[in-house]
Amino acid sequence: DQQVKQNSPSLSVQEGRISILNCDYTNSMFDYFLWYKKYPAEGPTFLISISSIKDKNEDGRFTVFLNKSAKHLSLHIVPSQPGDSAVYFCAASEGQGAQKLVFGQGTRLTINP
Amino acid sequence: GAGVSQTPSNKVTEKGKYVELRCDPISGHTALYWYRQSLGQGPEFLIYFQGTGAADDSGLPNDRFFAVRPEGSVSTLKIQRTERGDSAVYLCASSLTADSAQHFGDGTRLSIL
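Protein chains in written order, with our numbering: chain A, 105 to 217; chain B, 278 to 390.
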């Protein structure tokens with residue numbers, strides 16, 4: 105039973121354009137969400153997070169949007185750069201202090217020059 | 278400063294053998310986590326330590342898997358009677374406190390022949 109789903113296994117975007125990565129969840133107890141970025145042969149790197157008390161969090165080129173009623177979140181990257189090419193994982197937990205992260209399957213983002 | 282270090286980076290062994298995977302967390306981080314990532318999937322939670330004790334081991338798949346953290350720093354994940362289905366990348370993460378972001382190591386790629 106996949107509680108966190110990333111339905112797009114891959115996404116290709118032109119350099120300079122906006123990249124939008126999507127994530128859906130089914131567990132209504134989740135109230136803290138994170139995005140991680142992963143390069144080949146490396147561990148995931150934390151990018152940005154959002155608590156369910158907010159609907160948007162921004163950090164430089166990265167913005168995460170949360171729609172609690174739809175149980176949906178998205179990561180926007182603008183402008184996209186070649187170094188953004190990686191696999192992106194959405195993760196969720198029951199509370200910011202919760203230690204067990206539940207990850208989606210990942211979306212491979214490719215930025216084309 | 279040094280990140281989370283995992284050794285070995287690769288381990289190949291035969292079915293039925295015993296393996297130990299080591300994790301050195303970031304200095305001063307009190308919380309330590311183990312995840313397992315199979316091909317094409319996101320990381321899957323195994324176990325969480327707060328200090329020396331396993332606070333949540335609900336993700337361990339069966340009693341062949343065991344983890345220790347005797348001095349509250351380095352942790353070892355132990356797998357007995359390995360099976361081909363145990364082949365995966367085993368990721369370790371640490372965080373400063375229980376509610377701060379988890380920082381991942383590069384993982385150990387375990388292959389059971």
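Beta carbons are placed, not taken as given, at the ideal position from N, Cα and C, and that holds for glycine. Source: prediction; values computed, not measured.
Quick one, which residues of the region 143-160 of chain A are near chain B if we go by CB-CB under 8 angstroms, in chain order?
The region 143-160 of chain A vs chain B, Cβ under 8 angstroms: Ala145, Glu146, Gly147, Pro148, Thr149, Phe150 and Ser153.
Assuming Cys194 of chain A and Leu177 of chain A are in contact, meaning their beta carbons sit under 8 angstroms apart, how far apart are those beta carbons, in whole angstroms?
Contact flag correct, Cβ pair sits at about 7 angstroms.
Going by C-alpha to C-alpha distance, which of B:Gly280, B:Asp376 and B:Thr385 sits closest to Ser364 of chain B?
The shortest Cα separation from Ser364 of chain B among B:Gly280, B:Asp376 and B:Thr385 belongs to B:Thr385.
Helix, strand or coil, according to DSSP, for Gly187 of chain A in the structure here?
Note: Gly187 of chain A maps to helix in three-state DSSP.
Assuming Ala279 of chain B contacts Phe150 of chain A (C-beta within less than 8 angstroms), just tell me the rounded distance between them.
17 angstroms between Cβ atoms; not a contact.
Use the C-beta contact count for Val289 of chain B: other C-beta atoms within 10 angstroms, 16 or more gives buried, fewer gives exposed.
Exposed, since its Cβ has fewer than 16 Cβ neighbours within 10 Å.
Between the alpha carbons of Lys142 of chain A and Gly382 of chain B, how many angstroms are there, rounded?
Lys142 of chain A and Gly382 of chain B: Cα-Cα distance of roughly 11 angstroms.
If you draw a straight line from the C-alpha of Gln107 of chain A to the C-alpha of Asn339 of chain B, how long is it?
For Gln107 of chain A and Asn339 of chain B, the distance between alpha carbons rounds to 21 angstroms.
Go to Lys142 of chain A, then tell me how far its beta strand (DSSP E) extends in each direction, as first and last residue.
Per DSSP, Lys142 of chain A belongs to the beta strand (DSSP E) from Tyr136 to Lys142.
Quick one: which residues of the region 348-360 of chain B get their C-beta closer than 7 angstroms to a C-beta of chain A? List them in chain order.
Answer in chain order: no residues at all.
With burial defined as no fewer than 16 other Cβ atoms inside 10 Å of the residue's Cβ, what is the status of Arg313 of chain B: buried or exposed?
The residue is buried, with at least 16 neighbouring Cβ atoms inside 10 Å.
For Pro186 of chain A, count the other beta carbons within 10 Å of its own beta carbon; 16 or more makes it buried, fewer makes it exposed. Which is it?
That one is exposed.
Assign Gly330 of chain B to one of three DSSP states: helix, strand, or coil.
Note: Gly330 of chain B maps to strand in three-state DSSP.
Please return the same chain residues whose Cβ sits closer than 6 angstroms to the Cβ of Gln287 of chain B, not counting the five positions on each side in sequence.
Before going further, note that residue 287 of chain B is Asn rather than Gln in the sequence given. The answer, listed in chain order, is Arg386.
Identify every residue that forms a DSSP beta bridge with Leu170 of chain A.
Paired residues: A:Leu177.
Please tell me whether, using a cut-off of 7 angstroms, the distance from the CB of Thr211 of chain A to the nearest non-hydrogen atom of the ligand ZN is below it.
Ligands are entirely absent from the displayed structure, and the ligand ZN is therefore not among its contents.
List the whole-angstrom C-beta distance separating Thr329 of chain B from Gly349 of chain B, where the pair is believed to meet the contact cut-off of C-beta under 8 angstroms.
The Cβ separation is near 5 angstroms, so the contact holds.
Can you have a look at Ser132 of chain A and say buried or exposed, based on whether 16 or more other CB atoms are within 10 angstroms of its CB?
By the 10 Å Cβ count, Ser132 of chain A comes out exposed.
Based on Cα-Cα distance, which residue from B:Tyr295, B:Pro285 and B:Gln283 lies nearest to Glu360 of chain B?
Among B:Tyr295, B:Pro285 and B:Gln283, the Cα nearest to that of Glu360 of chain B belongs to B:Tyr295.
I'd like to know whether the C-beta of Gln203 of chain A is nearer than 8 angstroms to at least one C-beta of chain B.
It does: the Cβ of Gln203 of chain A has a partner Cβ on chain B nearer than 8 angstroms.
Just verifying my parser: in three-state terms, what is the DSSP assignment at Arg358 of chain B?
Looking at Arg358 of chain B - three-state DSSP - the assignment turns out to be coil, as it is neither helix nor strand.
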